[in-house]
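Report on one structure; see the data block that follows.
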Amino acid sequence: MTSFLAAGPLDPDVIGFTTAIVVFLAVLVVLTKFVWPKIIAGLDERYAKIRDEIDAAEKARHEAQSAQRKFEEKLQQAQAEATATIAAAQATARKAGDELRARNDAELTELKARALADIQSAKEGAVKELNDHAVALAPRWHRRSFVAKSAQLINRAS
């Protein structure tokens, strides 16, 4: 048996080598049978979890982009509606202003016509009153004038 034992430091030790191989293979079998499946299952689970999180993040990104597009569309629509509302309000205000201006012009024209009619009426009244006074004063004036002319004629004749 001494032939199997190593005599020197450089001689191979077959029993030690064989024992090491057997222990290695036993550990390898135990690890392969019991530990590696748990490690592989954990890694697969972790991979699936990471993949799910990435998919969820991608889905959330797409939803956020979609929501942003919808928001921008609604914002543009709201801006267009606001512009249309402002334009309609301006048109309504312009129309109301034009109507007020036209009504004011009509009222001013009516007031002017009424004032001119009042002036004409007052003028006619004043002329009539003046004529009435003239007619009333005419006989007196005519009498005075007649008396004065008669007196002159009498004075000349005498």
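Note that numbering that gives the first Met the number 0 gives residue 88 to position 89 of the sequence shown, counting from 1, and the numbers run on in steps of one.
Beta carbons are placed, not taken as given, at the ideal position from N, Cα and C, and that holds for glycine.
All values reported here derive from a predicted model rather than from experimental measurement.
Where T1 falls, given that 16 or more other Cβ within 10 Å makes a residue buried: Position 2 of the sequence shown, counted from the first residue, corresponds to residue 1. Annotation note: pLDDT 47 at T1 (below 50); position unreliable, coordinate value reported separately. With fewer than 16 Cβ atoms within 10 Å of its Cβ, T1 is classed as exposed.
Rounded C-alpha distance that separates A135 from S149: Taking the sequence shown and counting its residues from 1, the one referred to as residue 135 is at position 136. Taking the sequence shown and counting its residues from 1, the one referred to as residue 149 is at position 150. In a straight line, the C-alpha of A135 is about 22 Å away from that of S149.
Alpha-carbon to alpha-carbon, T18 and P11: For the purposes of this step, residue 11 is identified with residue 12 of the sequence shown, where counting begins at 1. For the purposes of this step, residue 18 is identified with residue 19 of the sequence shown, where counting begins at 1. If you take the alpha carbons of P11 and T18, they lie about 13 Å apart.
Endpoints, the alpha helix (DSSP H) within which V22 is located: The sequence position of residue 22 within the sequence shown is 23, counting from 1. V13 to V29 is the span of the alpha helix (DSSP H), which, as asked, contains V22.
Neighbourhood of K69 by C-beta distance below 6 Å, restricted to the same chain and skipping five residues each side: Here residue 69 is taken as the residue at index 70 of the sequence shown, counted from 1. Once the five neighbours on either side are set aside, K69 has no close Cβ partner at all.
Own chain, CB closer than 8 Å to L110, minus 5 neighbours either side, in chain order: Position 111 of the sequence shown, counting from 1, holds the residue named residue 110. There are no such residues.
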